[in-house]
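Some notes on the structure that comes next.
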Amino acid sequence: MRIVRAGERHLDGVMDIENRSFTDAWSREGVADYLYAPDGELLVLEDGDTVVGFAIYHVSFEDAELYNLAVLPERRRCGAGRALLDAALKGAALRGAQRMFLEVRRSNDAAMGLYRSAGFAVCGVRRDYYDAPREDAVLMDKPL
Ligand SMILES: CC(C)(COP(=O)(O)OP(=O)(O)OC[C@H]1O[C@@H](n2cnc3c(N)ncnc32)[C@H](O)[C@@H]1OP(=O)(O)O)[C@@H](O)C(=O)NCCC(=O)NCCS
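All residue numbers for the sequence shown refer to the numbering used here, where the first residue is 19 and numbers rise by one.
Encoded structure:
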C-alpha cells in the first residue's frame with residue numbers, strides 16, 4: 019500500500035468512496051479540481067488497483083484546511099484514515115502552513131476520534147452549517 023498524489027485513474031475509486039461515505043457528497047467535477055491544484059493535494063492510499071481512501075487539503079499562506087477525508091467502509095479501523103491524515107499534515111507543512119483547520123459534523127464520532135488522537139482541538143462551532151441532514155459543524159485546528 020502507498021500514498022500518492024491522485025491522477026485521473028484514481029477518480030472512479032475516489033468517487034465510489036465519496037458517494038458511500040457522505041449524504042452530501044462532492045460532485046466528480048468538484049473532486050477533479052484538486053487533481054492538479056497548485057496549493058493543495060488530492061492524496062490517495064492505493065492497494066494495487068484499489069483506492070482504499072483519500073484526503074484533500076488546501077494551503078493558503080500559513081493556514082491549511084483539510085477539505086475531505088474518507089476511507090472505503092470495508093477498510094476502516096485499520097489505520098488508513100490516520101495514514102492519510104498524517105500525509106496531508108506533512109504535505110501542508112512542506113507547503114509552509116503553520117496550522118491546519120477542519121470542519122466536522124458534530125455527530126461524526128469516528129472522525130472526531132481520529133482528529134483528537136492526531137492532536138486537533140475544538141476551536142469553534144458553525145451552527146446549522148451542513149445540509150442533508152442539517153447539523154452543526156465543529157471547527158478543529160492543530161499547529162504544524
Ligand atoms: C473518519 C474515517 C476517515 C476514519 O478512517 P479509519 O481508516 O477508519 O481510521 P483509522 O483506522 O486510521 O483510526 C484512527 C483512530 O481514529 C479513531 N477512530 C476511527 N474510527 C472510529 C470510530 N468508529 N469510533 C471512534 N473512534 C474512531 C480511533 O482513535 C482510531 O484509533 P484506534 O483504531 O487505534 O482506536 C472513516 O471513519 C471514514 O471514512 N468515515 C466516513 C467519512 C468521514 O466521515 N470523513 C470525515 C469527514 S470530516
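The beta-carbon is built from N, C-alpha and C at its ideal position, and this holds for glycine as well.
Small disclaimer: the values here were computed from a predicted structure and weren't measured.
Can the beta-carbon of residue i be found less than 8 Å from the beta-carbon of residue j?
{"i": "H76", "j": "D57", "result": "yes"}
{"i": "A82", "j": "A115", "result": "yes"}
{"i": "L132", "j": "G109", "result": "no"}
{"i": "Y52", "j": "I74", "result": "yes"}
{"i": "E121", "j": "R152", "result": "no"}
{"i": "D159", "j": "F119", "result": "yes"}
What number of angstroms, rounded off, separates the C-alpha of residue i from the C-alpha of residue j?
{"i": "E92", "j": "G71", "result": "11 Å"}
{"i": "H28", "j": "V69", "result": "7 Å"}
{"i": "F40", "j": "D154", "result": "15 Å"}
{"i": "R113", "j": "L84", "result": "14 Å"}
{"i": "S45", "j": "V62", "result": "17 Å"}
{"i": "V49", "j": "R23", "result": "13 Å"}
{"i": "E64", "j": "N86", "result": "17 Å"}
{"i": "M130", "j": "E26", "result": "30 Å"}
{"i": "E47", "j": "C141", "result": "31 Å"}
{"i": "V156", "j": "G97", "result": "23 Å"}
{"i": "L60", "j": "D127", "result": "24 Å"}
{"i": "M163", "j": "G31", "result": "Given that the chain is displayed from residue 19 to residue 162, the structure contains no residue 163 and the question cannot be resolved."}
{"i": "E80", "j": "V89", "result": "27 Å"}
{"i": "D42", "j": "A139", "result": "25 Å"}
Can you tell me which of the options puts its alpha carbon nearest to the alpha carbon of residue i?
{"i": "R123", "options": "V89, L90, D149, G66", "result": "D149"}
{"i": "A136", "options": "P161, P151, N86, S125", "result": "P161"}
{"i": "D146", "options": "S125, D159, N37, D67", "result": "S125"}
Note the first and the last residue of the continuous alpha helix (DSSP H) segment covering residue i.
{"i": "D159", "result": "Segment 153 to 161 is the beta strand (DSSP E) holding D159; no alpha helix (DSSP H) there."}
{"i": "Y133", "result": "127 to 135"}
{"i": "R100", "result": "98 to 112"}
{"i": "M33", "result": "29 to 39"}
{"i": "R93", "result": "It is not in any alpha helix (DSSP H) - R93 carries neither H nor E in the DSSP assignment."}
Beta strand (DSSP E) containing residue i: first to last residue?
{"i": "E64", "result": "58 to 65"}
{"i": "G71", "result": "68 to 78"}
{"i": "A82", "result": "81 to 89"}
{"i": "G142", "result": "139 to 148"}
{"i": "E121", "result": "117 to 123"}
{"i": "R20", "result": "20 to 23"}
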